[in-house]
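Residue numbers (my numbering), protein chains in the order written: chain A, 104 to 428; chain B, 9 to 594. Worksheet: the structure to be examined is printed underneath.
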Amino acid sequence: MYRCLLLLAAVFPAAAQPVLYACGNDSQTYVVGSKAPTSGLFHRDRAGGWTHYGYHHPLIFGFASDPSHPGALLLSAGNGLLRAVGAGLDWTQLTGSDVTELRDVDVDRSTGAVYFGYAAGIRVTRDGGKTWSELSGGLHRKFTESIRVDRKRSGVLLAGGEDGVFRSEDDGRSWRLAGASGVQILRIEQSPHDACFWLASTQGAGLFASHDCGVTFENLGFVGVGRNLYDVAFDPTTAGRIAVAGWGPGVVVSTDGGRSWKPRNEGLPGTEATAAVFDPATPGRLFVSIHDRAVYVSDDAGASWRKDGLEHTHVNRLRFVEVAR
Amino acid sequence: MKLLALVLAAVSASAATPAFEARVRSIVDTVAHPKSLENASISTVAAKLYLHEDAAWCSSRVVELFAGPQSGDMFWMFPVTATAYLDRGQLSAEARSALRRSWKSYAPYRGDTENHFLLYYTSLYLMSQLYPDDGPETWFTGKSSKDNMEEARQWIEGWVKLTTTRGQGEYDSPHYIQEYLIPVSFLAAWAKDPAMKKRASMMLDFLIADYAPENIDGITVGAQSRVYDKQLLEKSLNLSSDFLWLWFGLGRGLTPPGNSTFYYVIASAYEPPEVLRRIATDRSTPYTHYERKRTRNRWRFWDERHGPVYKTTYVRKEYAVGSDQGGVLQPIQQHSWDVTWSVPDPRGVQNTFFTLNPHSSLRELQTYFVFTSDSGIQDVVSSKKMYDSPDKFSGGSPYEKIVQDKDALIALYNVADGARFPHINGFFSKDLAEVREDPSGWIFLRGGEALIACRPLRPYFWKPIEEGGKRLFSPYRKNGVVVQVAAVSEVGGMDAFRKAILALPLDIRLDPVPAVTFRSLRGAMIEFTYGEVPKVNGKPMDYAHWPLFGGPFLESAVDSEVLAIHHGGLRRTLDFRSLTVTDSGR
Chain A
104 MYRCLLLLAA VFPAAAQPVL YACGNDSQTY VVGSKAPTSG LFHRDRAGGW THYGYHHPLI
164 FGFASDPSHP GALLLSAGNG LLRAVGAGLD WTQLTGSDVT ELRDVDVDRS TGAVYFGYAA
224 GIRVTRDGGK TWSELSGGLH RKFTESIRVD RKRSGVLLAG GEDGVFRSED DGRSWRLAGA
284 SGVQILRIEQ SPHDACFWLA STQGAGLFAS HDCGVTFENL GFVGVGRNLY DVAFDPTTAG
344 RIAVAGWGPG VVVSTDGGRS WKPRNEGLPG TEATAAVFDP ATPGRLFVSI HDRAVYVSDD
404 AGASWRKDGL EHTHVNRLRF VEVAR
Chain B
9 MKLLALVLAA VSASAATPAF EARVRSIVDT VAHPKSLENA SISTVAAKLY LHEDAAWCSS
69 RVVELFAGPQ SGDMFWMFPV TATAYLDRGQ LSAEARSALR RSWKSYAPYR GDTENHFLLY
129 YTSLYLMSQL YPDDGPETWF TGKSSKDNME EARQWIEGWV KLTTTRGQGE YDSPHYIQEY
189 LIPVSFLAAW AKDPAMKKRA SMMLDFLIAD YAPENIDGIT VGAQSRVYDK QLLEKSLNLS
249 SDFLWLWFGL GRGLTPPGNS TFYYVIASAY EPPEVLRRIA TDRSTPYTHY ERKRTRNRWR
309 FWDERHGPVY KTTYVRKEYA VGSDQGGVLQ PIQQHSWDVT WSVPDPRGVQ NTFFTLNPHS
369 SLRELQTYFV FTSDSGIQDV VSSKKMYDSP DKFSGGSPYE KIVQDKDALI ALYNVADGAR
429 FPHINGFFSK DLAEVREDPS GWIFLRGGEA LIACRPLRPY FWKPIEEGGK RLFSPYRKNG
489 VVVQVAAVSE VGGMDAFRKA ILALPLDIRL DPVPAVTFRS LRGAMIEFTY GEVPKVNGKP
549 MDYAHWPLFG GPFLESAVDS EVLAIHHGGL RRTLDFRSLT VTDSGR
């Protein structure tokens, strides 16, 4: 049945519309058991308004479109991998009591496999969430903050945890250290223009780059060292343009593929940036979130900013997701 | 003779406090009949349903309470579950429907601690049991009742197995005790599956046995995983005091009683067996009690998810001395060692003494939590306000190592260069009857009938504590204290105690790491070098064979799933492998 759904999706692709989503919560610190904050998943409509989506949920850290349920999102959350269908309360917990503290989710569009990274490793489902397999057996330390599927090379995965970037060429059965040994990884992203160009942002050690398809990573050395870089955003419309969001550096932008970087904080209310994303439909449009302040948008790749919405929030992730209609 | 003393003690206790059933009733009555019903909580509804009174009011109040958005996560789930089970046909269809619908309209979070999970899965199990045929579209989980129950059953059974083989991770918390007793009481009362019901009823004995030997006069003593700042100093304010009063008539209980005992009694209202009552109340002979627990889940920086916690607690009627081995075993609220002395009326009394290295670090938090690094400490401080304070009195330190033999204890500190707070705090209570700084370097204290000798390894000065008492502040990274306690009745008074202490061999070295050799008042030669396994009478401490429970009253080997509880001729054995309880003796 699941394979049939995938086949149908491939034969009759639904019209996809990139929609900007954010996950996070309001600036009131959530403590388990406290009054539920305005939190969870938000989406930005065409008119630029932000709307809360589904249940209030205090701890969602990542999301991706669901390959087995057109129109649905998969959410990596503190209490499991969740499927959210539509804007209502049609949510399903796809995992059980054996996993907790999910940090990231990614999908292999060619196979429909869904991967998530969590506090105790990496898991995959190949049947739409009915069964899960652990993939972190070859990792010395299990904590996984970021997981990415190489969109061009089947079976190649990159994972970042407390001990560097690791790469698997056999769909997670074995892992090899690719770089940033001993460094906590916060995000890994693959360039939409060059599938062999990867960036990894870190806690305290700046940015690491790979130009050999993720086999090795080298420290770029001059961006955000000593601070925490929470997000990396490639501009899908413009090769070479990349933004990094960090706590302290704020927004830093490169227009030459990471060889040089410039701070782009003029007009922002602070430099505690937690997430960044370029609009795939509008060249130069960049969204960033500033902790406890709001989401800001720039139409000139960070040269100037205006407030966009989600005031007084802490946003964990901003992403455009193609949601089938 | 001893038996006679016990009988007399029991008679005396029963004369002073009402019987168990009366204590239960007083708790329920208090919650059922608040001064005003205007803002009555779900607890009052549950209490009235328990008493079968005011059904119409209960229905209308349920409808009101569930009309708006819900919050509270698992702390919302368990009162609602209790209300659903206490309904027994009393609520209107409208009220029952409102309550049931809330399990779809609101998605409580599962939390991240052991107690969160137990409350969450117990509530989900029982509510799904109540509506066994409901489909996934009716639950916030998106799963059917059957699937909810199965997921919950697996977690609960796993928790019981882990607890009876390796100990609790959130061990011996005098506050969070409630959040274990409540769900286990629920399952013992309301689970339909005979195995689940039996397992839960046995866990009630197991949990109560865990607390019974570590109390004096209803005050929980010994090293603890999680305790709040105020209750750390004024111990009778801990919720465990309520339970020890309810179960055994010890102490005074809190006035009014907290919701914790209420939700315990409206489910199983379990009265512990006589063997546990004797263990909890008999302090005629001093004893040393041992426990092995486990650390909280360590997400980062460790190869093993849980590490062992080795506890030693020496108890006698006048005082208790308790400790773990030191180190960061829990985030934020750990309490590693102290001396607690008995007082006739503990209300308002800070009857404890201890030292610590106040430790605050991102590494500690990232070991146990997954949150983002920059806002992490800020997030913690929002609810645990003293976490990042140099003046704090709670929390473990990676730079603290402890050894204890009976009522002698050595705590050594080797604080790393660059640590946020490179000093030692000592808590000297306002309620110490005497504090004498001796030219020898010892400080002699008297609390109740306990005489305490404390020898700081390095110079110190005093800082006032706003709420009373004073703080020993020693700004040296290589540091430590030697502590010896004795009862007034044993040594005759402070002067004799001082003389006896000064006669004890004591060797102190600070380089390359702090090291102490000390012969205790009870004759044990303790050799302790920071970072090395301590020796007592020439033998290294045998951590490899530390029991899950050991001592005169409780015996359980690690991984055994069997707990033997005994006092005198009475014996109860809990065998979780076969789910059997065996009683013998009288």
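Quick reminder that beta carbons are idealized off the backbone N, C-alpha and C, glycines included. All values derive from a computational prediction rather than experimental measurement.
Chain A within 8 Å of residue i, Cβ atoms only
i: W163 of chain B; result: yes
i: T380 of chain B; result: yes
i: P522 of chain B; result: no
i: E122 of chain B; result: no
i: Y538 of chain B; result: no
i: S193 of chain B; result: no
i: S564 of chain B; result: no
i: E187 of chain B; result: no
i: T172 of chain B; result: no
i: L146 of chain B; result: With the sequence shown as reference, residue 146 of chain B is identified as Thr, and Leu is not the correct amino acid for it. Not an interface residue.
i: S383 of chain B; result: yes
i: E159 of chain B; result: yes
i: S238 of chain B; result: In the sequence under discussion, the amino acid at residue 238 of chain B is Lys, which differs from the Ser named in the question. No - not a single Cβ of chain A is within 8 Å of the one on K238 of chain B.
i: A115 of chain B; result: yes
Below-8 Å beta-carbon distance, residue i vs any chain B residue
i: R367 of chain A; result: no
i: Q196 of chain A; result: yes
i: E375 of chain A; result: yes
i: S236 of chain A; result: no
i: W350 of chain A; result: yes
i: N182 of chain A; result: yes
i: V90 of chain A; result: Within the shown structure, residues of chain A are numbered from 104 to 428, placing residue 90 of chain A beyond reach of any answer.
i: E204 of chain A; result: yes
i: Y218 of chain A; result: no
i: L176 of chain A; result: no
i: H172 of chain A; result: no
i: G231 of chain A; result: no
i: H394 of chain A; result: yes
Span of the alpha helix (DSSP H) around residue i
i: W65 of chain B; result: A63 to L73
i: A92 of chain B; result: M82 to D95
i: W307 of chain B; result: Careful: W307 of chain B lies outside any alpha helix (DSSP H) and carries neither H nor E.
i: W253 of chain B; result: L247 to F256
i: A40 of chain B; result: F28 to A40
i: K301 of chain B; result: Run containing K301 of chain B: none in the alpha helix (DSSP H); it sits in the beta strand (DSSP E), Y295 to R302.
i: P366 of chain B; result: Element bounds for P366 of chain B: n/a, residue is neither H nor E.
Residue i, buried or exposed, once every other Cβ within 10 Å from all chains shown has been counted against 16
i: N128 of chain A; result: buried
i: A13 of chain B; result: For A13 of chain B, the predicted structure reports a pLDDT of 45, less than 50, and the residue's modelled location is therefore unreliable. A value from the coordinates is still provided. Exposed, by the Cβ-count rule.
i: H417 of chain A; result: buried
i: A113 of chain A; result: Residue placement at A113 of chain A cannot be trusted, given a pLDDT of 38 that sits under 50; the coordinates are not used to answer.
i: P354 of chain B; result: buried
i: Y272 of chain B; result: buried
i: W349 of chain B; result: buried
i: R256 of chain A; result: exposed
i: A167 of chain A; result: buried
i: G324 of chain A; result: exposed
i: W163 of chain B; result: buried
First through last residue of the beta strand (DSSP E) which encompasses residue i
i: T149 of chain B; result: Segment: none, T149 of chain B is in no beta strand (DSSP E) and carries neither H nor E.
i: E248 of chain A; result: T247 to V252
i: V354 of chain A; result: G353 to S357
i: M595 of chain B; result: Limits of chain B in this structure are 9 at one end and 594 at the other, which puts residue 595 of chain B out of reach.
**Message:** At a CB distance below 9 Å, what residues from the segment 56–89 of chain B approach chain A? Give them in sequence order.
**Reply:** P77, Q78, S79, G80, D81, M82, F83 and W84
**Asked** Which residues, in order along the segment 320–343 of chain A, keep a beta-carbon less than 9 Å from a beta-carbon of chain B?
**Response** R330, N331 and Y333
**Message:** To test your reading of the DSSP string, which unbroken beta strand (DSSP E) runs of 3 or more residues are found completely within the segment 440–485 of chain B?
**Reply:** 442–445, 451–455, 458–464, 469–472 and 478–482
**Prompt:** In chain order, which continuous runs of the alpha helix (DSSP H) of length 4 or greater are located wholly inside the segment 375–428 of chain B?
**Reply:** 381–391
**Item:** Residues of the segment 294–327 of chain B whose Cβ lies closer than 8 Å to any Cβ of chain A, in chain order
**Value:** Those residues of the segment 294–327 of chain B placed with their C-beta closer than 8 Å to a C-beta in chain A are N305, W307, R308, F309, D311 and R313, ordered along the chain.
**Residues of the segment 89–112 of chain B whose Cβ lies closer than 9 Å to any Cβ of chain A, in chain order** = K112
**Chain-ordered residues of the segment 123–141 of chain B with a beta carbon less than 7 Å from chain A** = Listed by position, the residues of the segment 123–141 of chain B near chain A (Cβ gap below 7 Å) are H124 and Y129.
**Prompt:** Can you list the beta strand (DSSP E) stretches of 3 or more residues lying completely in the segment 236–303 of chain A, in chain order?
**Reply:** 247–252, 260–264, 267–271, 279–282 and 288–293
**Short-range partners of chain A found in the segment 439–461 of chain B, where Cβ spacing is below 9 Å** = From the segment 439–461 of chain B, no residue has a Cβ closer than 9 Å to chain A.
**Prompt:** If contact means a Cβ-Cβ distance below 8 Å, which residues of the segment 135–166 of chain A contact chain B?
**Reply:** V135, G136, S137, K138, A139, Y158, H159, H160, P161 and L162
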